[in-house]
Amino acid sequence: MTEITYREAVVRALADEMAADPNVVFFGEDVAEAGGVFKVTPGLLERFGPVRVRDTPISEQAIIGTALGAAITGLRPVAELMFADFIPVAMDQIVNQVAKYRYMSGGQFIVPLTIRAAQGGGNGFGTQHSQCAESWLMNFPGLKVVSPSTPADMYGLLRGAIREDNPVIVLEHKGLYNLKGELPDDAGPLPLGQAKVVRAGRDVTIVTSQLMLHRSLEAADALAKDGIECEVIDVRCFAPLDSATILASLAKTNRIVTVEEAPHSAGWGGDIASLAATEGAYWLAAPVKRVNMGGALVAYSPPLEDEVLPNVSRIAREVKAVMAG
Amino acid sequence: MTTLALEARQAALHRMLESRMAEEKIQELFLANLIRGTTHLSPGQEACAMGTAAALRPGDTVTCTYRGHHHAIALGVPLRRLMAEMMGKASGSCGGKGGSMHITDASVGLLGANAIVGGQIPIALGAALTAQVKGTGAVAVTFFGEGATNIGAFHEALNMASVWKLPVLFMCENNLYGEYSVWNKTTPVQDIAVRAASYAMPGVIVDGQDAEAVYGAASEAVARARAGDGPTLIELKTYRFRGHSRTDMAPYRPAGELDEWLKRDPIEILKARMIADGQLDEVEFEELSRAAETAVMDAVEWARSEPFPTLEEMTKDIYYESAGA
Ligand SMILES: Cc1ncc(C[n+]2csc(CCOP(=O)(O)OP(=O)(O)O)c2C)c(N)n1
Ligand SMILES: [Mg+2]
Chain U
486 MTEITYREAV VRALADEMAA DPNVVFFGED VAEAGGVFKV TPGLLERFGP
536 VRVRDTPISE QAIIGTALGA AITGLRPVAE LMFADFIPVA MDQIVNQVAK
586 YRYMSGGQFI VPLTIRAAQG GGNGFGTQHS QCAESWLMNF PGLKVVSPST
636 PADMYGLLRG AIREDNPVIV LEHKGLYNLK GELPDDAGPL PLGQAKVVRA
686 GRDVTIVTSQ LMLHRSLEAA DALAKDGIEC EVIDVRCFAP LDSATILASL
736 AKTNRIVTVE EAPHSAGWGG DIASLAATEG AYWLAAPVKR VNMGGALVAY
786 SPPLEDEVLP NVSRIAREVK AVMAG
Chain G
48 MTTLALEARQ AALHRMLESR MAEEKIQELF LANLIRGTTH LSPGQEACAM
98 GTAAALRPGD TVTCTYRGHH HAIALGVPLR RLMAEMMGKA SGSCGGKGGS
148 MHITDASVGL LGANAIVGGQ IPIALGAALT AQVKGTGAVA VTFFGEGATN
198 IGAFHEALNM ASVWKLPVLF MCENNLYGEY SVWNKTTPVQ DIAVRAASYA
248 MPGVIVDGQD AEAVYGAASE AVARARAGDG PTLIELKTYR FRGHSRTDMA
298 PYRPAGELDE WLKRDPIEIL KARMIADGQL DEVEFEELSR AAETAVMDAV
348 EWARSEPFPT LEEMTKDIYY ESAGA
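As given, the protein sequences belong to chains U and G, one line each in that order. Under our numbering, the first residue of the first sequence carries the number 486, and numbering increases by one thereafter. Under our numbering, the first residue of the second sequence carries the number 48, and numbering increases by one thereafter.
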């Protein structure tokens with residue numbers, strides 16, 4: 486066991502995959518010489534050289550298109566898009582090209598490509614640098630979407646993503662880069678598509694991810710003092726979604742709450758609610774509750790930003806309401 | 048001026064004839080509703096594809112546009128599989144999942160035709176990156192129209208290819224129209240080739256009706272690319288003898304313009320040169336034309352009798368699933 490940060494987990498996963506496979510290349514804006522704007526990728530250029538680790542122009546479409554072309558011709562590229570808020574700039578390449586390339590060619594290619602981007606609010610970055618991207622990306626069969634919440638998952642899921650023969654978008658939460666956690670000595674790539682029960686409980690299931698996971702765990706601690714035992718599920722992979730783990734928990738607790746760092750409309754919590762309503766209705770003892778940003782945006786001003794993102798007390802309050810219902 | 052060897056001339060003439068006949072037939076099939084949706088035909092532009100293909104070798108790759116049947120035929124996609132793809136048949140080059148706008152055949156280096164204007168351009172950079180990282184000496188060609196040079200992906204791709212000295216040929220088929228708009232109403236420069244200057248790469252203007260002129264320019268650019276000297280932008284001055292797509296009769300063209308361009312039919316230009324050089328006579332040309340027609344008719348009949356994909360195909364190849372999974 487060693488203790489590492491979420492930030493260190495990223496560079497360690499990249500370095501270990503680059504060492505294991507000479508076909509892995511890595512590029513993005515300011516990732517090589519500067520080591521990334523969040524100082525997530527230092528040392529890779531020095532270790533693996535300028536052929537495999539490259540700074541790009543500020544050209545999001547070209548970055549993703551290049552990664553796609555490289556992936557279908559024999560490399561395993563990892564492309565960084567810096568802030569997840571820049572994903573829409575490359576949306577054509579991601580949606581029309583990357584996600585559909587295998588399908589529309591009739592399966593002629595594998596697309597072993599990983600896109601990394603930093604997402605999430607809570608740090609005063611303002612409206613255009615604080616969004617979470619999962620819900621935008623779940624409507625495109627062909628993509629896999631991964632959101633690690635701990636250093637160990639960051640390490641294992643990023644390695645798993647790089648080994649995937651399908652395109653994977655790995656979303657890193659900016660608010661977690663300094664989070665510390667244990668990494669087992671024998672840690673390796675983790676399979677995608679599996680949610681994780683992070684805290685077991687009998688009364689209510691909370692389905693959540695990343696920053697909201699950590700807040701939900703705090704809320705669960707507080708609720709336990711009031712005798713409410715929450716089962717907390719870390720989604721980890723939004724596409725494909727691990728319905729089985731969520732339904733199994735609902736079957737046990739009969740109540741379900743989603744805690745989402747996203748606007749309500751067409752947010753991923755709607756998929757969980759739909760899952761509960763269609764496949765889990767028999768178990769539901771109370772209506773599904775979604776805790777999210779409603780119809781609001783992330784503002785710069787601290788009190789506004791603090792209020793729009795679900796916080797520990799709001800999560801606890803909503804869970805109590807579901808228990809009362 | 049560069050000329051092709053006799054065999055290469057014969058091959059170019061043969062494939063231009065096949066391409067022309069195939070497009071005539073595709074239009075008929077479209078009007079008969081055996082091809083659905085849309086088609087974008089290439090008569091008039093055949094030399095752009097044949098001249099470029101003659102400069103390539105196995106391992107080189109091509110991305111192109113929805114107006115890409117002539118590229119597919121130039122690269123050697125079998126006519127039967129091309130026609131089957133047009134009709135959405137299981138034995139089409141993409142198993143019927145691509146259609147007229149997405150002809151793809153990795154076995155001949157055709158990495159795909161794209162229906163998003165400009166979408167294919169950055170993808171070529173990735174194929175070139177693979178060649179550069181692995182040192183294969185391969186070049187990546189990308190075809191696009193003059194209209195596509197007003198889209199961001201074009202500029203991002205030229206810039207990044209130049210900075211990274213990628214082995215790319217940017218082949219612009221300037222056929223004077225983007226859909227129904229004449230190019231100089233939407234484009235402020237007289238020649239597309241001048242745009243190369245912004246990206247510090249050579250910009251070359253070539254007669255796109257002359258397969259051997261195209262071959263000469265492409266060969267020089269290929270040599271530069273293989274030598275590690277980076278990309279070239281080649282503007283092929285050409286014309287589409289038909290409308291933009293479907294049943295467009297091109298009423299927006301000034302009277303007489305088509306007639307002037309028909310005098311510069313790429314098939315007639317190569318034919319005349321071969322006759323002048325004593326390599327061909329009218330009887331042999333008639334035989335070649337008939338052979339092309341027979342091959343196209345055979346492909347159409349074969350494709351018509353082929354089955355559609357089974358419905359299981361609908362959800363296949365969205366993701367790659369390893370044999371073990
Ligand atoms: C991003 C995008 N915008 C618009 C279209 C619609 N469209 C299809 S073809 C075309 C004209 C493109 O002209 P050009 O690049 O000159 O190619 P040509 O069709 O002449 O070969 C347009 C606007 C599209 N397919 N994709
Ligand atoms: Mg055009």
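Beta carbons: idealized from backbone N, C-alpha and C, even for Gly.
For V510 (chain U), would you say it is in contact with chain G, using Cβ-to-Cβ distances shorter than 8 Å as the test? Yes, contact with chain G.
Notebook entry, point to check: Buried or exposed: which applies to Y262 (chain G), given that a residue is buried once 16 or more other Cβ atoms fall within 10 Å of its Cβ?
Noted result: The residue in question, Y262 (chain G), is buried, as its Cβ has 16 or more Cβ neighbours within 10 Å.
Next on the checklist: Under 8 Å, Cβ to Cβ, is there at least one residue of chain U near D364 (chain G)?
Outcome noted: It does; some Cβ of chain U falls within 8 Å.
Next on the checklist: Between E203 (chain G) and chain U, is the shortest Cβ-Cβ distance under 8 Å, so that the two count as touching?
Outcome noted: Among the residues facing chain U, E203 (chain G) is included, as its CB has a counterpart in that chain under 8 Å away.
Proximal residues to L205 (chain G) (C-beta, below 6 Å), its chain only, five neighbours per side dropped: The answer, listed in chain order, is Y246.
Checklist line | Inter-stretch contact at 8 Å, needing at least 3 Cβ pairs: the stretch 588 to 599 of chain U / the stretch 552 to 568 of chain U | finding: Put simply, the stretch 588 to 599 of chain U touches the stretch 552 to 568 of chain U. At least three CB pairs are less than 8 Å apart.
Next on the checklist: With H, G and I counted as helix, E and B as strand and the rest as coil, what does DSSP make of A564 (chain U)?
Outcome noted: A564 (chain U): strand per DSSP, three-state reduction.
task = Specify, as a first and last residue, the run of the beta strand (DSSP E) that T743 (chain U) falls within.
result = Counting along the chain, the beta strand (DSSP E) containing T743 (chain U) begins and ends at I741 to V744.
Got a sec? Which residues, its chain only, sit under 7 Å from F594 (chain U) by beta carbon, not counting five neighbours each side?
Taken in chain order, the residues that qualify are I557, Y586 and R587.
| task | Could you check if A372 (chain G) is buried or exposed, using at least 16 other CB atoms within 10 Å of its CB as the buried criterion? | result | Here A372 (chain G) scores only 47 on pLDDT, less than 50, and its place in the model should not be relied on; the value that follows carries that caveat. It is exposed - the Cβ of A372 (chain G) has fewer than 16 other Cβ atoms within 10 Å.
- request: Answer with buried or exposed for Y113 (chain G), where buried requires no fewer than 16 other C-beta atoms within 10 angstroms of its C-beta.
  value: Classification of Y113 (chain G): buried, given that the 10 Å Cβ count is 16 or more.
(message) Is the separation between the beta-carbon of F201 (chain G) and that of T279 (chain G) shorter than 8 Å?
(response) No.
Listing by chain order, which chain U residues have their CB less than 7 Å from the CB of T108 (chain G)?
-> Residues of chain U whose Cβ lies closer than 7 Å to the Cβ of T108 (chain G) are, in chain order, T558.
Legend entry - Straight-line Cα distance separating E703 (chain U) from L735 (chain U): Distance between the alpha carbons of L735 (chain U) and E703 (chain U) is about 21 Å.
query = Would the beta-carbon of E203 (chain G) fall within 8 Å of that of Q546 (chain U)?
reply = In this structure, E203 (chain G) lies near Q546 (chain U), with their beta-carbon atoms less than 8 Å apart.
**Prompt:** Who sits around ligand 2, taking every residue whose Cβ is closer than 6 Å to one of its heavy atoms?
**Reply:** The set of residues with any CB-heavy atom separation to ligand 2 below 6 Å comprises, in chain order, G:G192, G:E193, G:G194, G:N222, G:Y224 and G:G225.
Just to confirm, does T110 (chain G) get its C-beta within under 7 Å of one of the non-hydrogen atoms of ligand 1?
-> Not a single heavy atom of ligand 1 lies less than 7 Å from the C-beta of T110 (chain G).
Considering just the uninterrupted stretch of the beta strand (DSSP E) at C44 (chain G), what are its terminal residues? A query on residue 44 (chain G) cannot be resolved here, the shown segment of chain G reaching from 48 to 372 and no further.
C-beta neighbour in chain U for M207 (chain G), strict 8 Å: Answer yes: the Cβ-Cβ gap between M207 (chain G) and chain U drops below 8 Å somewhere.
inquiry  = Can you tell me whether M639 (chain U) is buried or exposed? The criterion is at least 16 other CB atoms within 10 Å of its CB, across all chains shown.
reply    = With 16 or more Cβ atoms within 10 Å of its Cβ, M639 (chain U) is classed as buried.
Which residues, in order along the stretch 541 to 553 of chain U, keep a beta-carbon less than 7 Å from a beta-carbon of chain G? So the list reads T541, P542, S544, Q546, A547, G550, T551, A552 and L553, given in the order they occur along the chain.
Q) CA-CA distance, D688 (chain U) and A770 (chain U)? A) Going from the Cα of D688 (chain U) to the Cα of A770 (chain U) covers about 11 Å.
With distances taken from CA atoms, which of U:T690, U:R700 and U:T730 is nearest C715 (chain U)? Minimum Cα distance to C715 (chain U) is reached at U:T690.
Going by the C-beta, is A162 (chain G) closer than 7 Å to any heavy atom of ligand 1? Correct: A162 (chain G) has its Cβ closer than 7 Å to ligand 1.
Handout entry: Members of the stretch 520 to 540 of chain U near chain G, C-beta cut-off 8 Å
Key = From the stretch 520 to 540 of chain U, only V536, R537 and R539 have a Cβ closer than 8 Å to chain G.
**Interface flag, D650 (chain U) vs chain G, CB-CB below 8 Å** = Contacts with chain G at 8 Å (Cβ-Cβ) include D650 (chain U).
How close, in whole Å, do the beta carbons of L696 (chain U) and G605 (chain U) come, if the pair is a contact with beta carbons under 8 Å?
Beta-carbon to beta-carbon, L696 (chain U) and G605 (chain U) are separated by about 6 Å, close enough to satisfy the 8 Å threshold.
Next on the checklist: Tell me which residues of the stretch 612 to 632 of chain U have at least one Cβ-Cβ distance to chain G shorter than 7 Å, keeping chain order.
Outcome noted: Of all residues in the stretch 612 to 632 of chain U, P626 and G627 have a Cβ within less than 7 Å of some Cβ in chain G.
What residue range is occupied by the uninterrupted beta strand (DSSP E) comprising D727 (chain U)? Note, D727 (chain U): premise wrong, no beta strand (DSSP E); not H, not E.
- Message: Against chain U, with Cβ distances strictly below 8 Å, would G159 (chain G) count as a contact?
- Response: Answer yes: the Cβ-Cβ gap between G159 (chain G) and chain U drops below 8 Å somewhere.
For the stretch 570 to 593 of chain U, which residues have a CB atom closer than 8 Å to at least one CB atom of chain G, in sequence order?
Residues D577, Q578, N581, Q582, Y586, R587, Y588, M589, S590, G591, G592 and Q593.
Going by beta-carbon coordinates alone, are I150 (chain G) and H117 (chain G) separated by less than 8 Å? At a Cβ-Cβ threshold of 8 Å, I150 (chain G) and H117 (chain G) do not count as neighbours.
| field | contact_flag[the stretch 509 to 529 of chain U, the stretch 672 to 686 of chain U] where n(CB pairs < 8 Å) is 3 or more | value | Counting Cβ pairs under 8 Å, fewer than three are found: no touch.
Q.
Going by the DSSP bridge assignment, what does H658 (chain U) pair with across the sheet?
A. The partner list for H658 (chain U) (beta bridge, DSSP) reads U:Q604.
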